[in-house]
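Position in the sequence shown (from 1) plus 1 gives the number in the working numbering. Beta carbons: idealized from backbone N, C-alpha and C, even for Gly.
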Amino acid sequence: IHALIDLAAAIARAGTPAAPVNIGVISGGRSVNSIADEAELVVERRALEEADLEAFSASLAGLTVKPPLELAVETVGRRPAGRLDRGSGLLEAVLAVRRELGLTETLTAGSTDANAALALGIPALTIGVSNGGGMHSPGEWIEPDSLALGARQLELVLKRLLRP
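Quick look at the structure:
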């Protein structure tokens with residue numbers, strides 16, 4: 002586990018604001034007073050550029066540990082990098098609806114499930130449909146009253162996109 006913690010620290014340092022690394026799970030050991038016979042680390046890196054993901058995969062493949070320890074690296078999932086063109090009709094529709102509803106037009110980049118469509122050349126983005134905070138943490142919360150406006154936003158975007 003100590004060696005794994007050292008590896009985790011090195012892996013975490015590979016992250017950048019544009020392509021962060023998250024150490025999601027560290028597990029192993031059987032008791033407080035025994036040396037672990039097995040330990041596991043689950044990490045994730047998301048990025049907008051495919052080169053960042055490729056470099057990360059290569060760095061993981063190059064990890065080593067000193068004998069008698071053994072190391073195995075397994076990819077359990079791969080979200081492709083992707084980015085929506087700022088001139089996209091989809092983005093224009095979303096921004097128009099947000100203006101109509103008096104919502105902010107702040108654009109931020111992030112790795113979401115939209116990346117899978119983007120990687121296939123399908124325009125996609127993620128829009129928020131609620132106000133909240135603490136995203137991806139045990140303290141995550143939303144304001145239930147904000148969901149009605151979020152649903153209205155989604156309805157208007159769909160109507161705008163599906164208009165003949």
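Which residue or residues does DSSP assign as beta-bridge partners of residue i?
{"i": "Ser28", "result": "Glu41"}
{"i": "Gly134", "result": "Trp142"}
{"i": "Arg99", "result": "Paired residues: none, contrary to the question."}
{"i": "Val22", "result": "Arg46"}
Nearest to residue i by CA position, among the options, is which residue?
{"i": "Glu71", "options": "Arg84, Glu51, Ala40", "result": "Ala40"}
{"i": "Val43", "options": "Glu51, Gly111, Val66, Leu8", "result": "Leu8"}
{"i": "Ala97", "options": "Pro68, Ser32, Leu61, Leu159", "result": "Leu159"}
{"i": "His3", "options": "Leu162, Arg14, Val66", "result": "Val66"}
{"i": "Gly122", "options": "Ala110, Arg84, Ile27", "result": "Arg84"}
{"i": "Glu75", "options": "Leu64, Pro68, Pro69", "result": "Leu64"}
Compute the distance between the beta-carbons of residue i and residue j, then report whether it is under 7 Å.
{"i": "Leu104", "j": "Ser131", "result": "no"}
{"i": "Val22", "j": "Arg46", "result": "yes"}
{"i": "Glu55", "j": "Ala82", "result": "no"}
{"i": "Glu93", "j": "Arg99", "result": "no"}
{"i": "Ile24", "j": "Ala13", "result": "yes"}
Checklist entry - Are the region 99–116 and the region 124–141 touching by the rule of at least three beta carbon pairs closer than 8 Å? => result yes
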